[in-house]
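Read through the structure below, which is laid out as structure tokens, and then see the notes.
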Amino acid sequence: MSNFAIETVGLNFNFGNQTIVKDLSLQVPKGSIYGFLGPNGAGKTTTIKILLNLLQSPPDQVFLFGKEINRNRIATLKRVGALVEQPAIYGHLTGKENLINRCILLGIKKSKAYEMLALVSLTEAANKKSAKYSLGMKQRLGIALALVSDPELLLLDEPTNGLDPNGIIEVRNLMIDLATNHNKTILVSSHLLAEIERTATHVGIINKGQLLFQGTIDELHLLSKPMLEIDVDKTGEAAAFLRQSGYEITDQTAKKIIIPFVSTKVSGMVNTLLIQNGFTVSSLYQQRKDLENLFLDITKNN
Ligand SMILES: Nc1ncnc2c1ncn2[C@@H]1O[C@H](COP(=O)(O)OP(=O)(O)OP(=O)(O)O)[C@@H](O)[C@H]1O
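Quick note on numbering: the UniProt record's numbering labels position 33 of the sequence shown as 33, and the sequence is numbered without any gaps.
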């Protein structure tokens, strides 16, 4: 049995003669929240549509729950819920009516509608016309609609796009609840790392249809090497002195020197060394490149 809810193996996809997805090998572990990241136009929506078989992949390149998608279309897609682009909501109906309609359509008992309203915290707004919902509430209703059939895998294409900070937090908390307490695997796309950094357990970064990084969020953090920033007087002399003493200088400005962070002990030694040799150190702190900058670095070099 495959441990991956989604696996693509060297996936290629073209629109006409334009290559949109190139040799893409995604591995989305069961139970993960997989942040699918990339700048605008990177190919995220196209990939999600391929995973939903809305766009057809070449044979033997896309596997859901270990099964090849084209040969097992119905069986695999039954286990998937999705929110791609705008949620399909009827504005003149209430949230509850939208969900009941979906239940009827899928032949599922109506009580599921109430269960879903509670799950996405819309019980209080159940009888309000959904046209009057805030964007965040509409997104949550969209997710509830995708969840009616109780799918194991949820594909969410930029679900926080256009939401205010409250809406973003609501959707973020909902994703964590679904993965942690309801056994869902979630693939969520975004062009902003900061938006999924706190929710994702795994990350795949693509640009121009190619996978540039894939791993756990901790592995991504490891890529952003910590630095030691030293605010010191006579920086030119101090840098030369540190270099002579065997330290590598990463960067140097008028007021500070930056060296790779090794340990707090080594930081203390550097401090003592500078002071003992007549330099005035006003501060010394560990700095880690934030993930957003790391993301920009990874995608700009592509
Ligand atoms: N139906 C289509 N026909 C031709 N080209 C398309 C079609 N749909 C998308 N593209 C092109 O494919 C590329 C990838 O688009 P896609 O929407 O997958 O990117 P994305 O990463 O989801 O970006 P965004 O965050 O802007 O939605 C873009 O260059 C886009 O213009």
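The beta-carbon is built from N, C-alpha and C at its ideal position, and this holds for glycine as well.
For residue i, which residues does DSSP report across the bridge?
i      : result
Phe213 : Ile205
Tyr285 : Glu229
Gly35  : Val188, Val203
Glu68  : Phe63
Gly107 : Gly107 pairs with nothing; no bridge assigned.
Thr8   : Val62
Thr94  : Lys129
Leu153 : Val80, Thr185
Phe15  : Gln18
Using only CA atoms, which one of the options lies nearest to residue i?
i      : options                        : result
Ile104 : Glu68, Lys138, Leu145, Tyr133  : Leu145
Glu85  : Ser267, Ser189, Ile257, Gly204 : Ser189
Glu7   : Gly16, Val62, Gly43            : Val62
Leu153 : Ile257, Val21, Asn14, Ile33    : Ile33
Ala131 : Leu156, Ile217, Arg79, His92   : His92
Lys44  : His221, Lys300, Leu274, Gly204 : Gly204
Ala42  : Ser283, Thr185, Leu222, Asp157 : Asp157
Gln56  : Asp164, Asp23, Phe13           : Phe13
Asn293 : Thr264, Leu220, Asp231, Thr272 : Leu220
Glu195 : Asn207, Val171, Asp177, Ile206 : Val171
Ile169 : Asn3, Thr201, Val120, Leu147   : Val120
Ile258 : Thr272, Ala238, Lys265         : Ala238
Thr264 : Glu124, Pro226, Ser111         : Pro226
Is residue i near residue j, with beta carbons less than 8 Å apart?
i      : j      : result
Ala179 : Gly31  : yes
Ile89  : Lys138 : yes
Thr235 : Ala254 : yes
Leu211 : Leu52  : no
Asn166 : Gly215 : no
Asn40  : His182 : no
Ile143 : Leu174 : yes
Leu228 : Gln286 : yes
Gly95  : Leu122 : yes
Val28  : Thr185 : yes
Lys49  : Gly209 : no
Leu54  : Asn98  : no
Leu155 : Leu187 : yes
Phe261 : Leu37  : no
Just to confirm the assignment, what range does the beta strand (DSSP E) spanning residue i have?
i      : result
Thr19  : 18–24
Gly81  : 80–83
Glu158 : Element bounds for Glu158: n/a, residue is neither H nor E.
Gln27  : 27–29
Ile249 : No beta strand (DSSP E) holds Ile249; DSSP gives it neither H nor E.
Ile258 : 256–260
Taking residue i as part of the alpha helix (DSSP H), name the residues at either end of that continuous run.
i      : result
Asn181 : 165–181
Glu237 : 235–244
Ala194 : 193–197
Thr272 : 264–276
Ile74  : 73–77
Leu135 : 135–147
Ile48  : 44–51
Measuring from each Cβ to the nearest heavy atom of ligand 1, keep the ones under 6 Å and list them in chain order. Phe15, Ile20, Gly38, Asn40, Gly41, Ala42, Gly43, Lys44, Thr45, Thr46, His191
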